[in-house]
Every structure is written in C-alpha cells, then in structure tokens.
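Residue numbers for the sequence shown, in mature numbering (1 follows the signal peptide of the UniProt record, and there is no 0): -23 to -1, 1 to 402.
By construction, the Cβ of each residue, glycine as well, lies at the ideal position given by its N, Cα and C atoms.
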Amino acid sequence: MRRSIFSATAVALGAALALTACSSGDSGSGDKPSTPSAATTTDAPKLTGTLTVWTDETRIDVFKKLGQEYQQQSGVKVTVVQKASADIRADFVKQEPTGQGPDIIIGAHDWTGQLVTNGTVQPIELGDKASEFSPVTVSAFTYDGQVYGVPYAIENIALVRNNKLADSTPDSLDALITQGKQIEAKDSKVKYPFVVQQGKDGDPYHLYPLQTSFGAPVFKQNDDGSYTDTIAMGGDKGHKFAEYLQKLGKDGALDTAIDSQKATDAFTKGQTPYIITGPWNTPAFKKAGLDITVLPVPSAGGEKSNPFVGVQGAFISAKAQNPIVANDFVTNFLGSEAVQTELYTAGQRMPALTAAADKVDDPIIKGFTAAAGTTPMPSIPAMDSVWAFWGTTEAQIISGSAKNPDAAWDTMIKNIQAAIDKSKG
C-alpha cells in the first residue's frame, strides 16, 4: 500500500481542510436549501489547479453539473470523464500506476479492498465530519482501520408490495408465499406468489437477506464490524439455508428462469404481489402506475433478514496531482448537505449525510432505508473469490440439478476457501 503518498501531504492537507471548512453545505439553520445546488464559498480562499473525475454513464450528467458548480466556487478546473460502468474500476487500477488516471473516481464501496491492496487510492481524513454521516456508510469505506472514501448514497434491497393485490404482509417468508398463492388462486392474472431475480447463474445478492435469516453470513466480522476472510456460511446453518432453497425450488417459489428483466416485468404487469428488489426498479413501478409499499424482507430462517448495504462514494487516487484540492472536493464539497441533496434528487438514493437524509420525505426511499441492514457488503479482496461459486451453487440447488443440497453447499465452501487461499499466493 502506498500510504506514504498521503503522509507526505498530511500537514498541508490539514491546513487546507481547515481553510476550506466553510465551503460545507450546512447553513447552520438546518433548513433545506430552496434549490438543490451547492453551497457558496465566496468567503473561502480560492484554490488553484485542476481535477479529473471519472464516473460512469449512470452518474455522468449530475457529476458534470457538480463539476461546473465546484469550478465556479473554487476556481479549480474540473474535467469529468465518462467511463463504462463495467470497465471503470479495472481501467483505474491499470492506469493509476502510470500517472494517467484520474484524481478522483466515483464508485461503490465494495471496490475498496481491491483499490487499497493495489495501492491505487489514498486514505481520507474525515475527522469530526465522520460523525455527520450514517455510521454504516463510513464503515463501508473503512479498510484496515482507515477511511478511503467519502460516502454520498446508500442502497439495499427490500420487499416491494403491490398494494392493489395485497394490503398486509406476513412476518415470515413461508406465510408470505402462502398468502401469495391464495392471491394467485383468486386472480387469474397473478402467476407467482412472489418473485426474486435469479437466472441461470443464480443471484446470491438478492437471496442474501434470506440466508442471513438462517444465521449464515458470508464472512465472520470483528467486534468493530470489519470483515475477516473466515467463511461463516458453512456448517449446520448453511445446510439449513441450502435445504430451504431446495424446498423453494421444488415448490416453484424460486425459479432460475426468472432473471432480472422477467422479475421486474412480472411485478410491473401485476403478475405477482411481491418482489425482492432495490430502488433502481421503483421508477419503472411508478411509471406503470403501481401503488407500492416498501417493507423489510420477511425472515425465512427465524432470525432477522439482513440485506447487504451498498454505499456509493468518492475515492482519491494515490497519484492525485493535487491531493489538497481533491480532498476539498470530496470532503467539503461532495460531503456538504446541499450537494448530497442534489445527488439524491438525481439518483433517488438515500443520502449518506444525516442532515440531508433527515429531509427526505419520499415514503418509498424511506421504506428502503428502514429495510436496510447494518452490514455493508464486504469489500475485502476475499469477496472476489465468493461470487461465482456462491451463485452457481444456489442455482444448482434451486433448479434441482444438485440433488443433495448439503453436499453441494459443502463443496461450494471448499471451493471458495481454495480460491481465497490461492489468491493469497
């Protein structure tokens, strides 16, 4: 890890952050800005230099606008570059060591482990400002005791209900499926008791709330919430979840033929009263004129369902040309209430900054937040060894091609452990 790059500028950075603290979007009164634009910095000293920011196609418009706002406020020229969402992280890891990469990259917190171990990002000193964010969002960007990203939005999956088809929801998934089948029997248009996307390769992300309700999290965690690379989803609790997947597959409640698009279409067309999904699908539901309610995912195994929390934020390159300016942009500008509100308006994700989140009054977004767990998706490098084996095994159990779910699950655990061991060299 290239932490020496950061330490070389620590003193200057501290002074710069003190000077630019007044560029924060907090007005002091706590009132929501009349328009979602960035706070002015007319009394703050002007900064100099340039910044290059990489973001993907889903966020390019709002970040171009924010780049212009920051440039007007600070005098720093900001260039925002669009990169394909499938390529942005790999391109950054490849180009950063050459000095040809950006100063700042916008992305998901679960990139943190790979970016840190490759030495491509530098720590960010949030200081007292850390307490202004939702704790889970800071935890998400924390690796080996240091923060490497400034969070701006939270997302997670939840249970979405079509209120035309159901006006109440049971507390357990089994009871929900029973209710869904009763609705299906009464309404010829309804084809599924509930849907959750899978596909031929499985989708452990969308099934994870059910898995955690069996007490089988993917990895063990330390007392401070950080992840170890010790697999925790094996043993009896993992077996019980695997057996439950087999049951749902045999009953037709889960189907690997239902991919993301088919699940969304089924819910949008009124073919099911429930879907387990994230906020990214709610615009389509609203466009279809559905009256929906967002709820926590009911327990399948008796314990509380705990979906992964995903956090979006900004990383600073270890080779940023001007780390002082980059820190001002991500900490004081992107971390301001006004900008977090602007990002919320554009992306419809709950802001990471508490002051901005407290002013969100959309019941759908608030429903997703209420359904969120307290556990960020692991960002440790070992997680890269998990996904393929995990998804494939779950798909085999659901489809019935794996006849013995316990044995299939045990093989999956062995394969994941072997992949983790291999990755360590």
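Looking at the DSSP output, residue 154 sits in no beta bridge, so it has no partner there. The Cβ atoms of residue 59 and residue 37 sit closer than 8 Å to each other. Under the three-state reduction of DSSP output, residue 207 falls in the strand class. Of the candidates 91, 207 and 113, 113 places its Cα closest to the Cα of residue 350. Taking the CA atoms as reference points, residue 373 sits about 10 Å from residue 386.
Exclusion of the five residues before and after residue 279 leaves 190 as the residues of its chain whose Cβ lies within less than 7 Å of its Cβ. Within the segment 38 to 86, the complete beta strand (DSSP E) segments at least 3 residues long are 54 to 60 and 81 to 85, listed from N- to C-terminus. Here residue 90 carries a helix assignment [DSSP, helix/strand/coil]. Residue pairing by DSSP places residue 33 opposite 60 in a beta bridge.
Shown here for residue 390: same chain residues with a beta carbon closer than 8 Å to its own, the five before and five after excluded, namely 208, 210, 211 and 215 in chain order. In this structure, residue 167 sits away from residue 275, with a CB-CB distance that is not shorter than 8 Å. Under the criterion of beta carbons closer than 8 Å, residue 129 and residue 311 qualify as touching, at roughly 6 Å. The C-alpha of residue 353 lies about 16 Å from the C-alpha of residue 363. Runs of the beta strand (DSSP E) lying entirely within the segment 251 to 276 and spanning at least 3 residues, in chain order: 251 to 254 and 269 to 272. Beyond the five residues adjoining it in sequence on each side, residue 116 comes within less than 7 Å, by CB distance, of 202 and 353 in the same chain, given in chain order. Spatial neighbours of residue 40 in its own chain (CB-CB distance under 7 Å, excluding positions within 5 residues in sequence) are listed in chain order as 30, 32, 57 and 83. Look at residue 28 here: in three-state DSSP terms it is strand.
For residue 377, the secondary structure class from DSSP, reduced to helix, strand or coil, is coil.
Under the DSSP assignment, residue 132 falls in the beta strand (DSSP E) whose first and last residues are 127 to 132. One alpha carbon belongs to residue 318, the other to residue 333, and they sit about 6 Å apart.
A direct Cα-Cα distance of roughly 18 Å separates residue 119 from residue 66.
Under the 8 Å Cβ criterion, the segment 235 to 242 does not count as touching the segment 88 to 107, having fewer than three qualifying pairs. Nearest to residue 267 by C-alpha distance, out of 252, 64, 68 and 87, is 252.
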